[in-house]
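By the count of numbering that gives the first Met the number 0, the sequence shown reaches residue 117 at its end, each step adding exactly one.
Note that the Cβ used here is the ideal one computed from N, Cα and C, for glycine as well.
Keep in mind that this is a model prediction, so the values were computed, not measured.
Here's the structure we're looking at; comments come further down.
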Amino acid sequence: MEKQTFGVGERVEKLCVVCKEERGHVVASVTKRGQISRVDCPKCGTRSTFKSGVGLNGDNAAAKAGAPYDRTYTYRKGQTMTHPTYGIGEVTAIIEPQKIDVLFNDRVRRLIHARIQA
Ligand SMILES: [Zn+2]
Numbered sequence: 000m001e002k003q004t005f006g007v008g009e010r011v012e013k014l015c016v017v018c019k020e021e022r023g024h025v026v027a028s029v030t031k032r033g034q035i036s037r038v039d040c041p042k043c044g045t046r047s048t049f050k051s052g053v054g055l056n057g058d059n060a061a062a063k064a065g066a067p068y069d070r071t072y073t074y075r076k077g078q079t080m081t082h083p084t085y086g087i088g089e090v091t092a093i094i095e096p097q098k099i100d101v102l103f104n105d106r107v108r109r110l111i112h113a114r115i116q117a
């Protein structure tokens with residue numbers, strides 16, 4: 000068994016008190032022992048403290064499947080996708096016209112989008 004530690008930018012399931020729903024949050028800060036101390040809600044932006052052992056349930060993600068990731072498609076914040084390697088993700092931010100941050104099961108990854116075929 001691996002010791003469960005977390006890093007900033009990883010994904011964790013938590014109940015957001017503002018959105019009133021359990022959803023993937025982004026780890027904003029961790030303690031020296033790798034325990035989550037604060038998380039950000041990607042939907043409403045609320046930063047909250049994290050109590051370990053509460054709501055650690057990754058099964059919810061599988062229930063709402065997004066369409067397959069398509070780099071020529073223009074994504075918007077909040078849309079979901081299914082990436083062939085990383086699985087289901089949710090767009091948390093538009094970084095540049097052709098770059099997006101997507102929150103996957105384990106962490107946020109930067110992908111390209113709106114890539115027009117030459
Ligand atoms: Zn929220």
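Within 7 Å, strictly: CB atoms of residue i and residue j
i, j, result
"GLU9", "ARG106", "yes"
"MET80", "GLY88", "yes"
Nearest to residue i (by Cα), restricted to the options the options
i, options, result
"VAL16", "GLY6, GLN34 and THR45", "THR45"
"ALA113", "GLY23, THR71 and GLU89", "THR71"
"VAL26", "GLN34, HIS82 and ILE111", "GLN34"
"THR4", "LYS98, GLY77, GLY23 and VAL29", "VAL29"
Alpha-carbon spacing of residue i relative to residue j, whole angstroms
i, j, result
"SER36", "PHE49", "5 Å"
"ALA92", "LYS98", "9 Å"
"TYR68", "CYS18", "26 Å"
"ALA23", "PHE103", "In the sequence as displayed, the identity of residue 23 is Gly instead of Ala. Cα-Cα distance, rounded: 8 Å."
Limits of the unbroken beta strand (DSSP E) element including residue i
i, result
"ALA92", "86 to 95"
"GLY23", "20 to 29"
"ARG10", "10 to 15"
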